[in-house]
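*Asks:* Residue numbers for the sequence shown follow the working numbering, beginning at -2 and rising by one.
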Amino acid sequence: MVFKKRRPPKSLNWREIEKILFKLGAVFVGDNGDHKKYKRTDEHGYSYVITLPTYSDVFGMVLDSTIRQSGVSKREFWDAYYN
């Protein structure tokens, strides 16, 4: 199978990121002001708390930080976005 290289988008709406987090197995915990909190547990039992700002465009370091907080690689994150 030949994989087509895709360039990830520069920014995403917070609702699109929320859909990706749900695909990765995260659950909604609550919100604090204009930030939403999610919790994800991986197969080894490690828990990750993910804080997502509810901005119309999440980009740059904030998007990278959200990916890092989710505990998955960038490739897994973007595979969940495209699939």
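All C-beta atoms in this analysis are idealised placements derived from N, C-alpha and C, irrespective of residue type, glycine included.
Determine the contact status of Asp31 and Thr51, defining contact as a CB-CB distance below 8 Å.
*Replies:* Yes, these two residues count as a Cβ contact at 8 Å.
*Asks:* Run through DSSP, which three-state label would Val69 get?
*Replies:* The answer is coil: DSSP assigns Val69 none of H, G, I, E or B.
*Asks:* Return the chain-ordered ranges of every beta strand (DSSP E) run that is complete within the stretch 8 to 47 and spans a minimum of 3 residues.
*Replies:* Within the stretch 8 to 47, the complete beta strand (DSSP E) runs of at least 3 residues are 24 to 29, 32 to 38.
*Asks:* Would you mind sorting Arg4 into buried or exposed? The rule is 16 or more other CB atoms within 10 Å of its CB.
*Replies:* Per the 10 Å Cβ criterion, exposed.
*Asks:* Using CA coordinates, which residue listed in Ile17, Tyr43, Lys2 is at the minimum distance from Leu49?
*Replies:* Comparing Cα positions, the closest option is Ile17.
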